[in-house]
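Numbering of the sequence shown is given in the UniProt record's numbering, commencing with residue 1 and proceeding in unit increments.
Glycine included, every Cβ here is placed at the ideal spot set by N, Cα and C.
Because the structure is a prediction, the values reported are computed rather than measured.
Inspection log for the structure reproduced underneath, given as structure tokens.
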Amino acid sequence: MKYLLLVLGIVFIVLYILFYRFSTPKSNEKIISSFSEKNYTAKIQYLEFDSRKVRILSSKEKIDPDLPTVLFIHGAIGSLTDFEKYMTDTELNEKANLISYDRIGYGPRQKGEVLNSIEQETLLVKKISEKLGITDIIPVGYSYGGPIALNYAIDNKLEQVVLCAPALYGSYEMIPAMIRFYKWRLTRFMVPNVWKSASKEKLYHAEDLLHYENKWSSVDSRIIDIHGNADWIVPYDNSIKLQNAIPNKEQFKLVTIEEEGHGLVWSSFDIIRAQLLELL
Numbered sequence: 001m002k003y004l005l006l007v008l009g010i011v012f013i014v015l016y017i018l019f020y021r022f023s024t025p026k027s028n029e030k031i032i033s034s035f036s037e038k039n040y041t042a043k044i045q046y047l048e049f050d051s052r053k054v055r056i057l058s059s060k061e062k063i064d065p066d067l068p069t070v071l072f073i074h075g076a077i078g079s080l081t082d083f084e085k086y087m088t089d090t091e092l093n094e095k096a097n098l099i100s101y102d103r104i105g106y107g108p109r110q111k112g113e114v115l116n117s118i119e120q121e122t123l124l125v126k127k128i129s130e131k132l133g134i135t136d137i138i139p140v141g142y143s144y145g146g147p148i149a150l151n152y153a154i155d156n157k158l159e160q161v162v163l164c165a166p167a168l169y170g171s172y173e174m175i176p177a178m179i180r181f182y183k184w185r186l187t188r189f190m191v192p193n194v195w196k197s198a199s200k201e202k203l204y205h206a207e208d209l210l211h212y213e214n215k216w217s218s219v220d221s222r223i224i225d226i227h228g229n230a231d232w233i234v235p236y237d238n239s240i241k242l243q244n245a246i247p248n249k250e251q252f253k254l255v256t257i258e259e260e261g262h263g264l265v266w267s268s269f270d271i272i273r274a275q276l277l278e279l280l
């Protein structure tokens, strides 16, 4: 029994370290170095929003006004570097400006405080677009970034929006077991700030979505919704329900990835890349 507990303890520690390293935001220096290795010059700038600094990443030194801008919006847990492979892709860079940003609560040295509001998240995207001077925008929302992207597309009457495993309906919200470590006071101290941010969002997300679920059907944008049918974190039913809610079926394209889970932005890069190139 003691041996089993020892093994379980070691496994827990190893998994904790791996999750911590994977989810910790990269420093500016590491991002610049990583882009440089791929022959790209990463541009990092900041926007003041809600008395906090928002880190914005671009794969180009200057925005090309003749190209559309793909704006990546990460989920929870997430980071602007979740989309690094897309932002250092030659063909995507030739056809678009590529931008990503750390949502509030997920940047370096942030203390786990999040906006907890799709409305405020949407306003943040608007402020980013104004700062960068971009108008021809294709938002790409992953997971919790999905409703932010869709809401922004509706409010600003965008032509196109891309959703990757979007969390759109509160009734399908899943609460991961690891959030218990945040809810329990005895274990909360173990939870890194970025996990605290994700936990807070996850606990409030279902309630916030209730205010938007009837709004989704009013979208006029062309939608590409990419989802794995084996996703148990954000169930595939989210995308099926959205498909059924859209009156004009011609404006909606559902790309189903067989046996794919929630990590599709990494594991199904080629499929998502191809869909983006189709839009551009």
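Give the DSSP-derived three-state secondary structure of residue 139 in the structure shown.
strand
When you compare only the Cα positions, how much space is there between residue 34 and residue 125?
25 Å
Please state the DSSP three-state secondary structure of residue 170.
helix
Measuring alpha carbon to alpha carbon, tell me which of 251, 234, 205 ends up nearest residue 218.
When 251, 234, 205 are compared, the shortest CA-CA separation from residue 218 is found for 251.
Is any heavy atom in the ligand PLP found nearer than 8 Å to the beta carbon of residue 155?
Only the bare structure without any ligand can be found here, which leaves the ligand PLP out of the picture.
Residue 228 burial status per 10 Å Cβ neighbour count (16 or more: buried)
buried
In angstroms, rounded to a whole number, what distance separates the CA positions of residue 54 and residue 27?
14 Å
Under a Cβ-count criterion, where at least 16 other Cβ atoms within 10 Å of its own Cβ denotes burial, should residue 84 be classed as buried or exposed?
buried
Using 8 Å as the cut-off, can you tell me whether the region 268-277 makes contact with the region 237-245, which would need three or more C-beta pairs spanning the two stretches below that distance?
no
If we count Cβ pairs, one from each stretch, closer than 8 Å, do we get three or more for the region 44-63 versus the region 91-99?
yes
If we ignore side chains and look at the alpha-carbon of each, how far apart do residue 49 and residue 42 end up?
22 Å
Residue 294 - DSSP class collapsed to helix/strand/coil:
Look at the range of the chain in this structure, 1 to 280, and you will see that residue 294 is not part of it.
Bounding residues of the beta strand (DSSP E) (the contiguous stretch that carries residue 56)
From DSSP, the beta strand (DSSP E) with residue 56 extends over 52-58.
Closer than 7 Å by C-beta to residue 130: which residues in its own chain qualify, once you throw out the five before and the five after it? Chain order, please.
none
Residue 76 versus residue 248: straight-line alpha-carbon distance, rounded
30 Å
List the residues that DSSP assigns as beta-bridge partners of residue 225.
163, 254
Which term fits residue 259, buried or exposed, when burial requires 16 or more other beta carbons within 10 angstroms of its beta carbon?
exposed
From residue 158 to residue 150, what does the alpha carbon distance come to, in whole angstroms?
9 Å
Mind checking who residue 120 pairs with in its DSSP beta bridge?
In the DSSP output, where bridge partners are listed per residue, residue 120 has none listed.
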